[in-house]
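Colleague:
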Amino acid sequence: MSNKTSLLLLVRSVVFVLIFTIGSIIVNKDISEISNWWSIVATFVNIFTILLIVIVAKKKEKTFWELINYQKGKTKVSQVIVISIIILLFGMGGMVLAGYLCYGKFPFLAPMMIEPIPVALAIINIPLLPITTAFAEDGLYLGCGVNQIKNKTAAIIFPAFIFALQHSFIPTLFDIRYVIYRFISFLPLTIILCWYYYKKRNPIPIMIGHSIIDVATVMQILATSMSPSLYETMSKM
13 MSNKTSLLLL VRSVVFVLIF TIGSIIVNKD ISEISNWWSI VATFVNIFTI LLIVIVAKKK
73 EKTFWELINY QKGKTKVSQV IVISIIILLF GMGGMVLAGY LCYGKFPFLA PMMIEPIPVA
133 LAIINIPLLP ITTAFAEDGL YLGCGVNQIK NKTAAIIFPA FIFALQHSFI PTLFDIRYVI
193 YRFISFLPLT IILCWYYYKK RNPIPIMIGH SIIDVATVMQ ILATSMSPSL YETMSKM
């Protein structure tokens, strides 16, 4: 595994930390006070990541689709259903388990993840976040990660580790318990996704399932943005 691959996979974690840190300085607020903007920040970082992947692909004389090993007609509906269910179960289950382990609450809800933002932005982000996240995260950690590492164990474990780690900074909070909570929440799922991709080399079921769980997230943000009282109720759960 080359140093270039390692640095490329780490780029999203670094960019999120920089954006939230610099952003808090610019608006003169504590970093926790701007954490509710995470979904908007994520969309912009996703677009940046997609452009970066396209550049990497061109240097390898490939298209984005070739880099992630997309093959037309390879995906079956049953594969999409199974992977979508796995993503929902391990995605939600991982957060519930991590919340209990780190905060002693069952279920634990990280309030900043559904905190209100301007309604117009919440609506615009409904299609943008799920779609760009699937292309950016799965393109980076699967196409530029799993596909580029020759050793089987490293090809699964290393991208999965960084895949989970980046969630620790979405949003960025300088709270070690929160960082651990977010990392543990996603590690089981990212290992499964990287393993599945290594075995099948088909990103489409993962990208679709990934989009579905993100749709659920942005819909929650829209609901709390339209009804702040709902957020107050949910944050106390």
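Just so we're aligned, residue 13 is where the sequence shown starts under our numbering, counting upward by one.
Cβ atoms here follow ideal geometry from the backbone N, Cα and C, with glycine treated the same way.
If you're wondering where the values come from, they're calculated on a predicted model, not measured in any experiment.
Please report the distance separating the alpha-carbon of Ile-169 from that of Trp-207.
Modeller: 8 Å
Colleague: Do Ile-126 and Ile-233 have their C-beta atoms closer together than 7 Å?
Modeller: yes
Colleague: What residue from Ser-223, Val-230, Val-26, Glu-244 has the CA that sits closest to Ile-99's CA?
Modeller: Ser-223
Colleague: Nearest-angstrom Cα distance between Ile-160 and Phe-195?
Modeller: Looking at the sequence itself, residue 160 is Gln, so the reference to Ile does not match. Roughly 23 Å separates the two Cα atoms.
Colleague: Just to check my reading of the structure: Pro-139 and Thr-236 have Cβ atoms closer than 8 Å, yes? What is that Cβ distance to the nearest angstrom?
Modeller: Wrong, their Cβ atoms sit about 19 Å apart, outside the cutoff.
Colleague: Go ahead and label Asp-150 buried or exposed: buried means 16 or more other beta carbons lie within 10 angstroms of its beta carbon, across all protein chains shown.
Modeller: Counting other Cβ atoms within 10 Å of its Cβ, Asp-150 reaches 16 or more and is therefore classed as buried.
Colleague: Assess, as a yes-or-no matter, whether the stretch 21 to 28 is touched by the stretch 107 to 118 under the definition of 3 or more beta carbon pairs within less than 8 Å.
Modeller: no
Colleague: Indicate whether Phe-32 and Pro-200 have their beta-carbon atoms separated by less than 7 Å.
Modeller: no
Colleague: Chain B beta carbons: is any one of them nearer than 7 Å to that of Leu-19?
Modeller: Absent here is chain B; the protein component of the structure consists of one chain.
Colleague: Under the assumption that Ala-176 contacts Phe-198 (Cβ atoms under 8 Å), give the Cβ distance between them as a whole number of angstroms.
Modeller: In this structure Ala-176 touches Phe-198 by the C-beta definition: roughly 4 Å separates them, less than 8 Å.
Colleague: Give the secondary structure of Asp-226 by DSSP, where H, G and I count as helix, E and B as strand, and everything else as coil.
Modeller: helix
Colleague: Is it buried or exposed, Phe-93, if we count other Cβ atoms within 10 angstroms and call 16 or more buried?
Modeller: In the sequence on display, residue 93 carries Ile and not Phe. Classification for Ile-93: exposed.
Colleague: Pick helix, strand or coil for Asn-81, following the three-state DSSP scheme.
Modeller: coil
Colleague: Let's see if you can read the secondary structure: which residues bound the alpha helix (DSSP H) around Thr-87?
Modeller: No alpha helix (DSSP H) holds Thr-87; DSSP gives it neither H nor E.
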